[in-house]
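In the order they appear, the protein sequences are chains A and B.
The numbering of the first sequence is my numbering, which starts it at 64 and goes up by one.
The numbering of the second sequence is my numbering, which starts it at 42 and goes up by one.
Below you'll find the structure, written out as structure tokens, and then a few comments.
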Amino acid sequence: AQTVTQSQPEMSVQEAETVTLSCTYDTSENNYYLFWYKQPPSRQMILVIRQEAYKQQNATENRFSVNFQKAAKSFSLKISDSQLGDTAMYFCAFGSAGTASKLTFGTGTRLQVTL
Amino acid sequence: GAVVSQHPSRVICKSGTSVKIECRSLDFQATTMFWYRQFPKQSLMLMATSNEGSKATYEQGVEKDKFLINHASLTLSTLTVTSAHPEDSSFYICSVGTDYGYTFGSGTRLTVV
């Protein structure tokens, strides 16, 4: 079974600064996907970024980028130029290949962006 | 990605009654949908995988007779909490997997009084 670990329960960053959220996972699979989801106070789950395990290039989406280290089973999220609207819970998730595969979530990191 | 609609967003029911939560995939034919439960300040825990036209697959520890799942069409899955008790109060979220990723419904906050 897969496991996902987020070791930072809470993080704080000042507006316009950069913050990195950590995530490690454990799997014996070779083909899989990794995701970062954001859950604001509304509790709507929003996809931030995804990474295919077979791709060596790190995924980027505007101010969000990942550092994917497959051998180390590490998948960290970097948020640049933090904005107040980035305040939310961030969940790292693992999914096996295929849309019928379930997601395994980490415990989450609560990010607070301050003025 | 898919657009997923979940209803109701909030529901309050009395102990012993049943509550049905609907999850609709509006623009994507979903043979599989997922149901999660989330306690306050905790992560999402998968309850079951809903399979169109067949029985759902429940995670270990989830009571099949309490949490009835029906996936009768490619666009609709329902979760019925039967004989609800206060400990069933929680936030329930459905999800659909697509080629790009997983899209989630807006969730249902269930309160059993």
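Where a beta carbon is used, it is the ideal one built from N, C-alpha and C, also for glycine.
Could you pull the DSSP bridge partners for Val-185 (chain A) from this structure? The question about residue 185 (chain A) has no answer, for chain A in this structure spans 64 to 178.
In whole angstroms, give me the CA-to-CA distance for Arg-113 (chain A) and Thr-123 (chain B). Each residue's alpha carbon lies about 36 Å from the other.
Residue range of the unbroken beta strand (DSSP E) whose run includes Met-152 (chain A): 151 to 159
Starting from the N-terminal side, write out each stretch of the alpha helix (DSSP H) that is 4 residues or longer and does not extend beyond the stretch 81 to 116 of chain A. none
Return no unless some Cβ of chain B is closer than 8 Å to the Cβ of Arg-126 (chain A). no
Which word fits His-155 (chain B), buried or exposed, when buried means at least 16 other C-beta atoms lie within 10 angstroms of its C-beta? Residue coverage of chain B in this structure runs from 42 to 154, which leaves residue 155 (chain B) outside it and unanswerable.
If you measure from the beta carbon of Gly-102 (chain B) to each beta carbon in chain A, is any gap under 8 Å? no
Excluding the five sequence neighbours on either side, which residues of its own chain have a C-beta within less than 7 Å of the C-beta of Gly-158 (chain A), listed in chain order? Correct list, in chain order: Tyr-95, Tyr-96, Phe-98, Ser-164 and Leu-166.
Between which two residues does the beta strand (DSSP E) holding His-48 (chain B) run? 45 to 48
Hey, quick one: how far does the beta strand (DSSP E) through Asn-125 (chain A) stretch, first residue to last? Taken as a continuous stretch (DSSP letters only), Asn-125 (chain A) belongs to no beta strand (DSSP E), as it is neither H nor E.
Are there three or more Cβ pairs, one per stretch, closer than 8 Å when the stretch 117 to 130 of chain A is compared with the stretch 64 to 73 of chain A? Verdict: no, contact absent.
Hey, would you say Thr-116 (chain B) sits closer than 8 Å to Ile-62 (chain B), going by beta carbons? No, they are not a contact pair.
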